[in-house]
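Below: the structure, in C-alpha coordinates.
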Amino acid sequence: MAKKVKTFAEKAMGKKSDAPVCPKCGEAYTPILVVNSEKNEEDNQWKFARKIAKLCKCNEKEVFA
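Numbering (my numbering), first residue to last: 2 to 66.
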(Lines of atoms letter the chains of each structure in order from A and count residues from 1; the text may use other names and numbers.)
(Lines give C-alpha, C1' and ligand atoms only; values in the text may rest on other atoms or scores of the structure.)
Protein backbone atom coordinates (compact mmCIF):
# COMPACT_ATOMS: atom_id res chain seq x y z
CA MET A 1 0.00 0.00 0.00
CA ALA A 2 1.34 3.45 -0.92
CA LYS A 3 2.21 6.04 1.68
CA LYS A 4 0.06 9.12 1.96
CA VAL A 5 2.02 12.06 0.58
CA LYS A 6 1.47 15.43 2.26
CA THR A 7 0.69 18.41 0.08
CA PHE A 8 2.73 21.57 0.33
CA ALA A 9 -0.07 23.33 2.23
CA GLU A 10 -0.18 20.54 4.83
CA LYS A 11 3.60 20.68 5.25
CA ALA A 12 3.58 24.46 5.63
CA MET A 13 0.77 24.40 8.20
CA GLY A 14 2.41 21.64 10.21
CA LYS A 15 5.67 23.46 10.76
CA LYS A 16 5.75 25.39 14.03
CA SER A 17 7.82 28.50 14.56
CA ASP A 18 10.56 28.06 17.17
CA ALA A 19 11.70 31.68 17.00
CA PRO A 20 12.61 33.30 20.32
CA VAL A 21 10.07 35.76 21.70
CA CYS A 22 10.78 39.28 22.95
CA PRO A 23 10.06 39.61 26.69
CA LYS A 24 8.86 43.24 26.34
CA CYS A 25 6.36 43.09 23.48
CA GLY A 26 5.81 39.33 23.14
CA GLU A 27 6.53 39.34 19.40
CA ALA A 28 8.88 36.83 17.76
CA TYR A 29 12.33 38.13 16.84
CA THR A 30 13.15 38.43 13.15
CA PRO A 31 16.84 38.04 12.26
CA ILE A 32 18.02 40.70 9.80
CA LEU A 33 21.39 41.58 8.29
CA VAL A 34 22.54 45.13 9.08
CA VAL A 35 25.29 46.45 6.78
CA ASN A 36 27.25 49.61 7.64
CA SER A 37 29.88 51.19 5.39
CA GLU A 38 33.11 52.26 7.08
CA LYS A 39 36.02 54.11 5.52
CA ASN A 40 39.48 52.73 6.26
CA GLU A 41 41.82 55.65 6.95
CA GLU A 42 45.04 53.71 6.23
CA ASP A 43 44.42 52.84 2.58
CA ASN A 44 41.42 55.13 1.97
CA GLN A 45 39.05 52.31 0.99
CA TRP A 46 35.51 51.49 2.04
CA LYS A 47 34.62 48.37 4.00
CA PHE A 48 31.22 46.90 4.75
CA ALA A 49 30.63 45.81 8.34
CA ARG A 50 27.96 43.11 8.48
CA LYS A 51 26.04 42.24 11.63
CA ILE A 52 23.03 40.02 12.25
CA ALA A 53 20.51 41.68 14.57
CA LYS A 54 17.28 40.45 16.14
CA LEU A 55 14.41 42.74 15.26
CA CYS A 56 11.02 43.19 16.95
CA LYS A 57 8.63 46.12 17.41
CA CYS A 58 10.42 47.32 20.59
CA ASN A 59 13.89 47.78 19.09
CA GLU A 60 12.95 48.61 15.49
CA LYS A 61 13.90 52.30 15.81
CA GLU A 62 17.20 51.49 17.56
CA VAL A 63 18.31 49.03 14.88
CA PHE A 64 17.39 51.23 11.90
CA ALA A 65 18.69 54.48 13.46
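For each residue, glycine too, the CB sits at the ideal point set by N, CA and C.
Residue i to residue j span [Cα, whole Å]
i	j	result
Lys-40	Phe-65	20 Å
Thr-8	Gly-15	11 Å
Ala-3	Ala-20	35 Å
Lys-55	Glu-63	11 Å
Arg-51	Lys-12	33 Å
Per-residue DSSP class, three states only, for residue i
i	result
Val-6	coil
Ala-20	coil
Ala-66	coil
According to DSSP, residues forming a beta bridge with residue i
i	result
Asn-45	DSSP output for Asn-45 lists no bridge partner at all.
Residue from the options whose Cα sits closest to the Cα of residue i
i	options	result
Cys-26	Arg-51, Glu-63, Lys-58	Lys-58
Val-60	Glu-42, Ala-13, Val-36, Cys-23	Reading the sequence as shown, one finds Asn at residue 60 and not Val. Ranking the options by Cα distance to Asn-60, first place goes to Cys-23.
Between the region 40-51 and the region 17-31, are three or more C-beta pairs nearer than 8 Å? Cβ pair count under 8 Å is below three, so no.
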